[in-house]
Each structure stands twice: as structure tokens, then as C-alpha cells.
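Below is one structure, written out as C-alpha cells; the observations come after it.
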Amino acid sequence: MTPREKQKLCNLLAGFFSSPEPGMVAEIGRKEGFAFLADSMKSWGGDPALLIGLYLNGSSEGVFAELQKEYERLFSGRERASVSLIESPYKPWTQDEECRLPFAREKGLLGGDSALHMEAILQGAGVEVPEAFKACPDHLVLELEFLSALYGEATDREVRQFIQDHLDWIPHLKKELIGFQPHPFYLSAVELLDQFLKHERNRLERMDHGEKSVHS
């Protein structure tokens, strides 16, 4: 995959984990939209059959309503139990050994180290945190949008560092999401995200060990 293709994939993934919009459903519903995702999966030896949930059949209106309802169930937090799309809850609240707060090492809390670090990264890049994400700058959508920007402007080393620092929690998200028996769309979306990041980590580690720089 080229850096431009990786930018596109990250932006699509950010859309998948955002509150559904008719435009996103229509884009994936087009044959070329799904073909891009399948080609991306094949480019690193993945099985495109795992993406079957992203192949949206039926009317755009019907699919949109279905995904909107499922997004609310899975991610809105309005249900008694839901899946978090925010990094902080998957990690200890802080790694600061001098912090004496009783919940310092607990998981499941917002506003932890990862949130503060993401906010600092975005500010350093001249990016204002959108109002909807002020309380959670380490939301998956923002992290994927920033990763997309990195593929267009940053070095491979910077990409690797960001993935290592802020997207290492995706296997935990995947495991939790599977436990909620999600709509096939979200099952395929998290599988695509997980496999893409694994491929990128492996590629960047090979480069770090002196192998030839490649974008595939």
C-alpha cells in the first residue's frame, strides 16, 4: 500500500467507528469502496472474506438505520454495559510512580496519561480538539484521523512511535467488542483495523532492523 492509500484506509476506519452517517454507508455500498478494502487486506496477505460484514446489502436508508441502532447499543454508553472507543479506560490511569491518588493504577477511567499525551500531540501539531472530543482526546476516531495525517507528512519512525504509544490497545477493544456479539459490520471493521495495525507494526519493525524500506 502507498502512503496515500494508508491515509484513505485510516480515514475510512475513522468513519466506521464514528456515529454512522448516510454518506459513509453509501460510499462503502459502492463496489469500488468495498474493492479498495478487499485489496488493502490482500496486500498484506489477509483474507478478504473477513470483511464480508462491510459488504452492505439493501437500501442505504435501511442499512443506515440498522447501523445507527447498533452503534447506539455498542458504543453510546447509554446502555448499562457498552464498549469504549476511548484509549484511557483500557490502560492504568497513570504510569506516574509519584502519583498517590488511590485510583492511579486502576483501569476503566477517562482522562488518563494517554488522553493528556494525545491532547499535547494534537496541540503541538496545531490541531484543536473538536468540541465533541474535549473530554476524550484519545478517542479512536481522533487517533485514526491523526494516523492518517502522519502517513501524509511524517516519517516511518514517527508513525511507528504513534502506533506503539496510542494504538496498542486495539486487541483489547477487539476482544471486548466480540463479547457483545456485534453486527457483522463492526466485527469486520475491528478485524480490518487490528490486521492493518499488526501489518504496519511488523513492517516498521523490519525496517528498524535494517531491512529495505517498503510501503506494501
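Using our numbering, read the sequence shown as starting at 10 and increasing by one per residue.
Cβ coordinates follow ideal geometry from the N, Cα and C atoms, glycine included.
Within the same chain, Cβ atoms closer than 8 Å to the Cβ of Leu156 are found at Cys19, Val168, Phe171, Ile172, Leu176, the five residues on either side in sequence being excluded. DSSP places Gly55 in no alpha helix (DSSP H); its state is neither H nor E.
Secondary structure at His181: helix, using DSSP grouped into helix, strand and coil. Non-local beta-carbon contacts of Ser28 in its own chain, meaning distances under 7 Å to residues more than five positions away in sequence, involve Tyr80 in chain order.
By alpha-carbon distance to Glu185, the top candidate from Arg13, Met127, Pro98 is Pro98. Here the alpha carbon of Glu96 sits roughly 20 Å from the alpha carbon of Gly133. In the DSSP annotation of this structure, the continuous segment of the alpha helix (DSSP H) that includes Lys207 starts and ends at 193–217. Partner residues in the beta bridge of His148, as assigned by DSSP, are Ile95. For Pro146, the CB contacts under 7 Å within the same chain, skipping 5 residues up- and downstream, are Ala124, Met127, Glu128, Leu131, Val138 in chain order. The C-beta distance from Met50 to Leu201 rounds to 7 Å, short enough to fall under 8 Å. Pairing Glu154 with Ala74 gives a Cβ-Cβ distance that is not under 7 Å. An exposed status is given to Glu162, since fewer than 16 other beta-carbon atoms sit within 10 Å of its beta-carbon.
For the 7 Å CB-CB criterion, Leu46 and Leu59 do not form a contact. Per DSSP, the unbroken alpha helix (DSSP H) holding Gln173 starts and ends at 165–175. Excluding residues up to 5 positions away in sequence, Ser91 lie with their Cβ nearer than 7 Å to the Cβ of Ser85 in the same chain. For Asn66, the secondary structure class from DSSP, reduced to helix, strand or coil, is coil.
Only buried fits Ala198, as 16 or more other CB atoms lie within 10 angstroms of its CB.
Ile61 is the residue among Gly135, Ile61, Glu30 whose C-alpha sits nearest the C-alpha of Phe194.
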